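Each residue of the sequence shown is one higher than the last, beginning at 4 in my numbering.
Have a look at the structure below before the remarks.
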Amino acid sequence: VADSFSDEILALAKANSGKITLVNRVFNPKDCDGIVLAIAATNDAEVNESVAFICRQKKIPVNVVDQKELCSFIFPSYIKEQNFVASFSSSGNSPVLTQKIKKQAQDTLITPFVGEINECLGAARPYVKAATEEQLALCRRFTEESCERDEIAGLRLKGYSCYGGNRLYECDWYAARDCMLRLYEKT
4 VADSFSDEIL ALAKANSGKI TLVNRVFNPK DCDGIVLAIA ATNDAEVNES
54 VAFICRQKKI PVNVVDQKEL CSFIFPSYIK EQNFVASFSS SGNSPVLTQK
104 IKKQAQDTLI TPFVGEINEC LGAARPYVKA ATEEQLALCR RFTEESCERD
154 EIAGLRLKGY SCYGGNRLYE CDWYAARDCM LRLYEKT
């Protein structure tokens with residue numbers, strides 16, 4: 004609901020036809036009837052405060068953009084690589100700082116490959132749950148040494164660690180996963 008929409012909002016609604024409904028008029032308190040979540044993002048402080056007040060009265064979660072004191076919840080900034088999710092929040096104190104840290108993490112640590120590693124470890128999870136203490140110790144050592152190699156930077160490179168006897172050597176991640184699964188067979 005707004006008396007005007009930005010080009011970005013119009014394009015978003017067009018790209019998601021049927022999923023987003025734009026109502027072109029001024030806000031009416033009845034707009035909060037029957038809703039389960041509200042986001043106030045107008046350039047009119049009075050409208051934002053009105054939305055927040057009505058939502059608080061009706062116990063509807065509300066986020067008022069750039070006015071954390073009016074929010075009952077905030078949106079963290081996040082990175083999602085397959086099923087691996089990391090979120091960042093300054094609790095509304097500094098969105099710029101949050102975005103900077105998110106960008107640094109995305110560039111250096113939480114890369115698409117982390118999602119791939121997570122999926123491979125997920126495939127091994129049933130074995131981990133059924134493992135003996137000795138098998139768990141080997142698995143934990145394998146995973147920790149793989150992650151610590153090159154101070155985590157190893158996870159960003161093409162080579163990954165695989166436990167072979169008493170030392171780690173370079174191989175691709177799928178071979179490393181198979182190597183870890185073989186540890187279960189040996190004990």
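C-beta: ideal position from N, C-alpha, C; glycine also.
Remember, predicted model here, so these are calculated numbers, not experimental data.
Counting of Cβ neighbours within 10 angstroms places Val-54 among the buried residues, the total reaching 16 or more. Of the other Cβ atoms in all chains shown, fewer than 16 fall within 10 Å of the Cβ of Leu-25; this residue is therefore exposed.
Cα atoms of Pro-115 and Phe-78: separation of roughly 22 Å, rounded to the nearest angstrom. Asn-66 carries a strand assignment under DSSP once its states are collapsed to helix, strand and coil.
Non-local beta-carbon contacts of Asp-6 in its own chain, meaning distances under 6 Å to residues more than five positions away in sequence, involve Val-29 in chain order. Asp-34 places its beta carbon 8 Å or farther from that of Val-67.
Shown here for Gly-95: same chain residues with a beta carbon closer than 6 Å to its own, the five before and five after excluded, namely Lys-71 and Ile-77 in chain order. Judged by DSSP in its simplified three-state form, Phe-91 adopts strand. In the DSSP assignment, Ser-80 falls outside any alpha helix (DSSP H) and within the unbroken beta strand (DSSP E) covering 80 to 84. Distances from the CA of Tyr-81 to each of Ser-75, Leu-73, Cys-74 and Ser-93 were compared; the closest alpha carbon is that of Ser-93.
Where Ile-42 is concerned, there is no enclosing alpha helix (DSSP H), although the beta strand (DSSP E) around it starts and stops at 41 to 43.
Secondary structure at Ile-120: helix, using DSSP grouped into helix, strand and coil. Nearest to Asp-36 by C-alpha distance, out of Lys-62, Phe-145, Glu-119 and Arg-144, is Lys-62.
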